[in-house]
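Student: Taking the working numbering, the leading residue of the sequence shown gets -13, the next gets one more, and so forth.
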Amino acid sequence: MKNQKGNRFVRKGLALLLAVALLSALFAACGKEEETAPQGEVSDMSGEQHFYIDDIQQSESADSNASAAESSTETPSTETPSTDETPSTDETHEWSGEFIITEKKYEYKEKNFMLLNVTNDTGKNCNLTITGTFYDESGNVVRIQQQTYHNHPTGWSNYFIFYPDMKFDSFTYEASAEEYENLTVIDSMFSYNGQPLSDFVAVSWIPGFFWVDDPDGNKLLMYRMRSNCTHPECEMKIFGHQLILDENGDVFALDFADTFDGDITKVTQIATWPHIEEDPDFAFMNQALRRVSEDSAEYAKPLPDGEIFTFIFAIQAVVDYNVWYDLAIDATVSLEEIIPPKNLQ
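Here it is as structure tokens:
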């Protein structure tokens, strides 16, 4: 297993070195140092809802699985989330606080999607499930979609993207939550010594875009992402989706529509580890936005100024890389178990 991991890093290193060599040539002419911009914020979110934990911790989503329902009946520990002690069955739930969720509807390529911002203000690290329902103009349900975030840390905010791959008129959603507990080997992927891994990662970008050729003679519109890991020991893997907004707040790019052809089971994957920022060759990742033909109108236009754009990376999961790698090699875990967005209708 150790040799397999070593080979993995060698392969990754060679691929990244080739990419870096290409980018070095591209950026040499710029004559200025590249500056990384943190993830932006959408300031005009609306429809704020408060989901009080007393109301949602016992609720069941439309497609809750048996293991989640069973673990929600376990009595949580009154210790802080960073401990590994086994919760006592004599204690009772004493939760307070709420999940605060805001939303915004977008249109892109003649389809709609929803951006949600979720803040965990419960004082507990939670497995959070959001079930969204999409309606047409007549009020008929056209799709039901569900996302679960494992070990969403208390005090942490994150974006969720609900993309039904169609046009819709309105959207409603429900939330349910249970305290995160490290009960199974799959649970163990989302924490390290009791600490939720999502607290230790950040994704940013270098504002700006560039073109490269693909093997078929088309053009790929690219930008550069950066991952950062503040954990002192744990190597991690981040799963998520990119949304880029222009200076007017309109959608410039969305990976669901541009890269993944509407497939909600596909996701961007980024490896990160402690002190990765000390090695820019690995800290930065080239990311394709979309592919166009050489004679397309977009390729003929000057590249937009990324400095006035907003970069959003909606994280779907952060896992311990080594635990995930061992489980994936043994076929013990699938991507759907780590990131379970699903169309229920």
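Ideal Cβ positions, reconstructed from N, Cα and C, are used throughout, including at glycine.
In the DSSP assignment, the beta strand (DSSP E) including Asp306 goes from what residue to what residue?
Tutor: First-last of the beta strand (DSSP E) with Asp306: Thr296 to Asp306.
Student: Suppose the cutoff is 6 Å on Cβ atoms and the five residues either side in sequence are ignored; what does the same chain contact list for Pro67 look like?
Tutor: Summary for Pro67: the model assigns pLDDT 36, below 50, so the residue's position carries little reliability, and this model does not support an answer.
Student: Using DSSP bridges, identify the partner residues of Ala23.
Tutor: The partner list for Ala23 (beta bridge, DSSP) reads Trp191.
Student: To the nearest whole angstrom, what separates the beta carbons of Thr22 and Trp191, a pair I think is in contact under 8 Å?
Tutor: 7 Å between Cβ atoms; contact.
Student: By the three-class DSSP mapping on this structure, what secondary structure does Glu93 have?
Tutor: Glu93 falls in the strand class under three-state DSSP.
Student: For Lys223, count neighbouring C-beta atoms within 10 Å of its own C-beta (all shown protein chains included) and say buried if the count is 16 or more, exposed if not.
Tutor: It counts as buried.
Student: Please list the segments of the beta strand (DSSP E) lying wholly inside the region 144 to 219, counting only runs of 3 or more residues, in order along the chain.
Tutor: You should have 156 to 165, 187 to 199 and 205 to 215.
Student: Over the uninterrupted beta strand (DSSP E) stretch that includes Ile324, give me the two end residues.
Tutor: Note, Ile324: premise wrong, no beta strand (DSSP E); alpha helix (DSSP H) at Leu321 to Ile324.
Student: Run through DSSP, which three-state label would Glu84 get?
Tutor: Reduced to three states, the DSSP call for Glu84 is strand.
Student: What is the rounded straight-line gap between the Cα of Val319 and the Cα of Asn113?
Tutor: Near 18 Å, if we compare the C-alpha coordinates of Asn113 and Val319.
Student: Look at the alpha carbon of Glu164 and the alpha carbon of Gln331, and state the distance between them as a whole number of angstroms.
Tutor: If you take the alpha carbons of Glu164 and Gln331, they lie about 24 Å apart.
Student: On a Cα-Cα basis, can you pick out the residue from Asn329, Val305, Ile315 and Asn234 that is closest to Asp291?
Tutor: Checked all of Asn329, Val305, Ile315 and Asn234; the closest Cα to Asp291 is Asn234.
Student: If I'm right that Asn204 touches Ser279 with Cβ under 8 Å, what's the distance once you round it to whole angstroms?
Tutor: The pair is a contact, with the Cβ atoms about 6 Å apart (cut-off 8 Å).
Student: For Ile42, report the span of its alpha helix (DSSP H) as first-last.
Tutor: It spans Ile39 to Ile42 - the alpha helix (DSSP H) in which Ile42 sits, taken as one unbroken run.
Student: How is Phe242 classed by DSSP in three states: helix, strand or coil?
Tutor: Here Phe242 sits in helix by DSSP.
Student: Would you list the residues sitting across from Met271 in a DSSP beta bridge?
Tutor: DSSP lists Met211 as partners of Met271.
Student: To the nearest angstrom, report how far apart Glu322 and Val237 are at their CA atoms.
Tutor: Distance between the alpha carbons of Glu322 and Val237 is about 27 Å.
Student: For Asp122, which residues from the same chain have a beta carbon less than 6 Å from its beta carbon, with the 5 sequence-adjacent residues on both sides left out?
Tutor: Only Val128 and Asp155 meet the Cβ criterion.
Student: Roughly how many angstroms separate the alpha carbons of Leu275 and Phe242, rounded to a whole number?
Tutor: Between Leu275 and Phe242, the C-alpha separation is close to 10 Å.
Student: Please return the same chain residues whose Cβ sits closer than 7 Å to the Cβ of Asp185, not counting the five positions on each side in sequence.
Tutor: Result list for Asp185: Pro139 and Trp142, in chain order.
Student: Cα-Cα, which of Trp197, Asp267, Val28 and Gly248 is closest to Phe148?
Tutor: It is Gly248.
Student: Within this structure, are the beta carbons of Asp200 and Leu206 separated by less than 8 Å?
Tutor: In this structure, Leu206 lies closer than 8 Å to Asp200 by Cβ.
Student: How is Leu102 classed by DSSP in three states: helix, strand or coil?
Tutor: Leu102 falls in the strand class under three-state DSSP.
Student: Ala257 lies in the beta strand (DSSP E); which residues open and close that run?
Tutor: Taken as a continuous stretch (DSSP letters only), the beta strand (DSSP E) holding Ala257 covers Thr254 to Thr258.
Student: In the DSSP assignment, find the alpha helix (DSSP H) that holds Glu233 and state where it starts and stops.
Tutor: Glu233 -> no alpha helix (DSSP H), and no H or E assigned at all.
Student: Among residues of its own chain, excluding the 5 on either side of Asn214, which ones have a beta-carbon nearer than 8 Å to its beta-carbon?
Tutor: Same-chain partners within the cutoff: Val187, Ala188, Val189, Ser190, Thr258, Ile262, Glu263 and Ala269.
Student: Buried or exposed: which applies to Pro266, given that a residue is buried once 16 or more other Cβ atoms fall within 10 Å of its Cβ?
Tutor: When all chains shown are included, Pro266 counts as exposed.
Student: Enumerate in chain order the residues of its own chain whose CB-to-CB distance from Ile130 is below 8 Å, with the five nearest sequence positions on each side excluded.
Tutor: Excluding positions up to five away in sequence, the list reads Ala48, Thr117, Gly118, Thr119, Phe120, Asn329, Leu330 and Gln331.
Student: Classify Ser162 as buried or exposed, calling it buried when 16 or more other Cβ atoms lie within 10 Å of its own Cβ.
Tutor: Flag for Ser162 reads buried.
Student: To which residues of the same chain is Val309 closer than 7 Å at the C-beta, ignoring the five residues directly before and after it?
Tutor: The residues are Ser174 and Met175.
Student: Taking only the alpha-carbon atoms, compute the straight-line gap between Trp197 and Ala283 and give it to the nearest angstrom.
Tutor: C-alpha separation (whole angstroms): 14 Å.
Student: Run the CB neighbour count on Glu167, radius 10 Å, all protein chains shown included, and call it buried at 16 or more, exposed below.
Tutor: Classification for Glu167: buried.
Student: Which of helix, strand or coil does DSSP assign to Asp107?
Tutor: Asp107: strand per DSSP, three-state reduction.
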